[in-house]
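Note that the protein sequences, when read in sequence, are chains A and B. Residues in the first sequence are numbered consecutively from -15, following our numbering. Residues in the second sequence are numbered consecutively from -15, following our numbering. Reviewing the structure listed below.
There are 2 protein chains.
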Amino acid sequence: MTVPALSITRRLRNTPFTDHVNIAGVKSYTVYNRMLLPTSFNSMEEDYFHLKKHVQVWDVSCQRQVSVKGPDAAALMQRLTPRNLTNMVVGQCYYTPIVNDQGGMLNDPVTLKLAEDHYWISIADGDLLLWVKALAIGFGLIVSIEEPEVFPLAIQGPKASELMERVFGPEIQTIRFFRFQEFTFEGQKLIISRSGFSKQGGFEIYLNRSDLAAPLWNTLFKAGEDLQVRAGCPNLIERVESGLLSYGNDMTSENTPLECGLGRFCKIESDTNCIGNEALQKEAKAGTKCQIRSIAIEGDPLFPCDDKWPLFDGENHVGDVTSAVWSPDFETNVALGMVNKSHWENGTSLVVQTPQGIRKAIVYEKCFADRQ
Amino acid sequence: MTVPALSITRRLRNTPFTDHVNIAGVKSYTVYNRMLLPTSFNSMEEDYFHLKKHVQVWDVSCQRQVSVKGPDAAALMQRLTPRNLTNMVVGQCYYTPIVNDQGGMLNDPVTLKLAEDHYWISIADGDLLLWVKALAIGFGLIVSIEEPEVFPLAIQGPKASELMERVFGPEIQTIRFFRFQEFTFEGQKLIISRSGFSKQGGFEIYLNRSDLAAPLWNTLFKAGEDLQVRAGCPNLIERVESGLLSYGNDMTSENTPLECGLGRFCKIESDTNCIGNEALQKEAKAGTKCQIRSIAIEGDPLFPCDDKWPLFDGENHVGDVTSAVWSPDFETNVALGMVNKSHWENGTSLVVQTPQGIRKAIVYEKCFADRQ
C-alpha cells in the first residue's frame, strides 16, 4: 500500500507551530478542519512507546474554537447539545455531543465555559462554526459567533505534569481534570486545561497570540530536555487502545450519541431545548440498535482502515469496523466499530472482512486500556 | 521543500473512483470536503500540457451536493445568495456566491435547478450542508436538506466533446454552457452538465449510483483510447492562468463577493432576502477596498503558496498573493491575489515577499488566458 503525498496550498492552513513541527521531522499529516495535523514523527510505533513513557508536545491548532458570546450564549449552547449544561460552572470543560434535528452527531467537542455569557467549543473535524452561526441567525438570538485566533498546544504523557510545572509553576497542579485556569506566559494571559486526546494525562494550552508560538515551543523543549520531551501528535494506536472516538472515523452524522456510547452525556429523559431531543427520546424508547465497541482482530498487522470493514456472524452483516491498527503492547490488531445489539455482548466472536482477507474478531465492552 | 505524506483514514473519504485513480498512478492528493481529490498524475506540468491538448477524466466526487428540496426551497436559496434567482429555469446551472450575514463568502458553488422545488448546490470546500440545514431549522422553513450519494466526474479538455458524444450520443452536443440534461447510462438516469473547473471546455457527469463508477470509468477510457484520454484533476497552472478562483485559497469568509470580482452575480442595488444583502449594500456604497487580480511574478519557478505572500509598494502593504505557480506557456510565475484599490490598476508594478525572497510583481485586470 503506497502512501500518497499531500499537496500544500493555503487552503490547508498552516499553524503558528508548523515550522517547528517540520523541523522536528514530521513524517505525515492529516487534514483536520482544513488545517494541518501531524500524524507521525519517528514512526507510529516509536511515537506510541514514547508517549506512554515520557512527554510530548502536540500541535493541535486544528482544534478550532467556536466562540459563542452574548446574552443568548447559554440558551444557544443548550440548543446545540443534549447534555445538561445547567450546572456547568465557569472554569469547567464539558464533553458535549452536538446533534442535528435527527439526533445525528455533528461533532463531539470539548466546551469551555469562559464566563456566564461566553463559551469556547473546541471542535473535532467539521465546520461547526457554520452550524452555530446559522442557527443563531435563524433563531434571531443575540450572540456573536466567531473563530478566534486560538491555537491549542497539547502536552501529553506521564511526565506532562512535571514539564508544565517547570514552565508555569506549581499552581499548574491545582487544575483538576477537565477544568481550566488562566496563566501568564511572557506577559500574555492564556488558558490552560487539564485535558487532551490521550489517556496518558496532560494539558492543553490555548495559545492566543501566534507570535508567542516560537517562544512557547522553545521554552517547553528547553525545560523538558532531561524528560526526553519530543514533538508528537494524537497517536492512532494509543487512541484505539484507550477507546477514544474520532469524529468522521468512528461516528458520523449517521450515528446518534446513544450509538456512540455517549448516553451518559444526554439528558433525554426530560424536555430540553436541544434540537435533537425529540429524535433521541424516540430512540431511547425504542432501544438503540447498535453501539461502539472495542474489537480485537486476529492475525498479522493490518493496513489503515480507509473505509468501513463489515463484521459478519455467518452470513449476517452485524456491524462495521471503522478504526484498526496493530498494537505492540496488546500483540493484536486493536479496533473500534459499531456492532448491532444482537452481537455487542462482551466476548462475542465474529469475522471481519478486511482488504487483507477475512479475520476473526472479538467484541469487547471495555476499551483495551481499561481491561489491563 | 519536502512533500509530506498524507495519512489515510476513513475520515478522509474515498470515492467510488478512488481505486481507478490509484491504478491510474495518482502522485498526490489534497483533501476537499473531507474527501480525497487528486492533484497530480504524471507531473503538474505534463498534466497541464495534456489537459490543454487532449481530454481528461477527473474524479471530483468531493464536489458534494447539498440537496435543497421542498415548498420553501426557492425561498431558502434566495436567502443564501446575493445572486438574483428569479429568472433561473429548470435545467440551468448558476454560479452562486454564498454569503454570511456580514457579506463574507462561505462558498462559491454552482447551483443546479432540478425542479421548481429542488436544487443541488455543488459545493467548494466547506461544510455548507451545516449552514443550509441550520438556517432551514432556525427560520422554520419546510424544506429537506441532504447530501445525496452523488459523485461528479468531470470530462475536461478540447476533445471532451468528442469523447462524450461517443459515449452518450450526439444529443450531448445540444447541452448549452452552464445547462444540464438527463442522460441514461446502463439503464440509470443521470444528470450531465456542460461545465467544469477549467477553461478547456467539458462536461460534468453527476453519477448517482456508486456501483456504476467502474463501468462508467472503463467505458470512457475505452471510448477515448485514440483521443489519448487520461486520468486528470483540476490543474493549478491552468486554473491560475484562467483566473478561476479557489475557495479557501483566493478567498475566505474574510472576503466579500465584490472583493472577489463577483459583483455581476450580486443583486445588491435592491432589497432581496439574502442574509448578507445589507452588508453588501453598505460595501457597494462605500466602495470596495480590494479586489482579486491576476499577477505575474518574475524570476525562477516558485514553491507552492502555502500562506498569504504580502505585496508591497515601497514600504506599504497593498495586497497579498494567495495562489502562485510557474506557467510553462507564459514563461513566468502566474498568480492570483487581493490588491488594494490604490494599486489594482492594470500594469501596476509591485514587489511580493515570497519564501524564496523579494520578487517583482505586475498586476493585471484580465486573467492570463484572456490576454493571449
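Using N, Cα and C, we set each Cβ at its ideal position, and we do this for glycine too.
Check	Outcome
Sufficient close CB pairs (3 or more, under 8 Å) joining the region 78 to 89 of chain A to the region 8 to 16 of chain A	no
Proximity test, Cβ basis, 8 Å: Val323 (chain A) and chain B	no
DSSP-derived helix/strand/coil call for Asp358 (chain B)	Outside the modelled stretch of chain B, which goes from -15 to 356, sits residue 358 (chain B), for which no answer is possible.
Interface positions of the region 223 to 256 of chain B facing chain A (Cβ-Cβ less than 8 Å), listed along the chain	Ser230, Tyr231, Gly232 and Asn233
Helix, strand or coil at Thr316 (chain B) according to DSSP, with G and I counted as helix	strand
Three-state secondary structure (DSSP) of Gly247 (chain B)	helix
Beta-carbon proximity of Thr(-1) (chain B) to Phe135 (chain B), cut-off 8 Å	yes
Alpha-carbon spacing of Asp195 (chain B) relative to His4 (chain B), whole angstroms	13 Å
is_contact[Gly110 (chain B), chain A] using C-beta, thresh 8 Å	yes
For Val319 (chain B), the nearest candidate out of B:Gly303, B:Pro339, B:Ser333 and B:Ile281 (CA to CA)	Per the sequence shown, the amino acid found at residue 319 (chain B) is Ala instead of Val. Ala319 (chain B) has its Cα closest to that of B:Ile281, out of B:Gly303, B:Pro339, B:Ser333 and B:Ile281.
Where Thr23 (chain A) sits in the DSSP three-state scheme	strand
Whole-angstrom distance between Gly303 (chain A) and Arg248 (chain A), CA atom to CA atom	23 Å
Short Cβ contact (8 Å threshold) for Asn202 (chain A) with Leu174 (chain A)	no
Length of the line joining the Cα atoms of Gln165 (chain A) and Cys46 (chain A)	21 Å
Beta-carbon spacing of Arg223 (chain B), His34 (chain B) below 8 Å	no
Contact belief for Leu112 (chain A) with Asn84 (chain A) at Cβ below 8 Å, rounded distance in angstroms	Actually they do not touch by this definition, with Cβ atoms about 11 Å apart.
Contacts of Asn(-2) (chain A) in chain B (Cβ-Cβ under 8 Å)	Asp290 and Asp291
Close Cβ partners of Val73 (chain B) (< 8 Å) along its chain, the five nearest in sequence each way excluded	Lys97
Alpha-carbon spacing of Asp291 (chain B) relative to Gln337 (chain B), whole angstroms	11 Å
Proximity test, Cβ basis, 8 Å: Asn261 (chain A) and chain B	no
Chain-ordered neighbours of Thr23 (chain A) on chain B, where CB pairs are closer than 8 Å	Ser(-9)
Listed by chain order, chain B residues near Phe123 (chain A) by CB distance under 8 Å	Gly122
Where the region 49 to 74 of chain B meets chain A: residues whose CB sits under 8 Å from a CB there	none
Partner residues on chain B for Asp313 (chain A), Cβ-Cβ distance less than 8 Å	Residues of chain B passing the Cβ test: none, with the nearest at roughly 21 Å.
Three or more C-beta pairs below 8 Å linking the region 271 to 289 of chain A and the region 316 to 332 of chain A	yes
Coil, strand or helix - Ile176 (chain A) by DSSP	strand
Listed by chain order, chain B residues near Leu114 (chain A) by CB distance under 8 Å	Leu90, Gly110, Asp111, Leu112, Leu114, Trp115 and Ala118
Inter-residue Cα distance where the pair is Glu131 (chain A) and Leu114 (chain A)	10 Å
Sheet register partners of Asp43 (chain B) (DSSP bridge)	B:Leu137
Listed by chain order, chain C residues near Lys36 (chain A) by CB distance under 7 Å	The chain labelled as chain C is not found among the protein chains of the depicted structure, namely A and B.
Any C-beta of chain A under 8 Å from that of Tyr13 (chain B)	yes
Per-residue DSSP class, three states only, for Gln340 (chain B)	coil
Asp85 (chain A) at chain B interface by Cβ criterion, 8 Å	yes
Nearest-angstrom Cα separation, counted from Lys143 (chain B) out to Gly141 (chain A)	58 Å
Check whether Ser179 (chain A) and Phe167 (chain A) have beta carbons under 8 Å apart	no
Continuous beta strand (DSSP E) assignments of at least 3 residues falling wholly in the region 269 to 315 of chain A	274 to 281, 293 to 297 and 300 to 311
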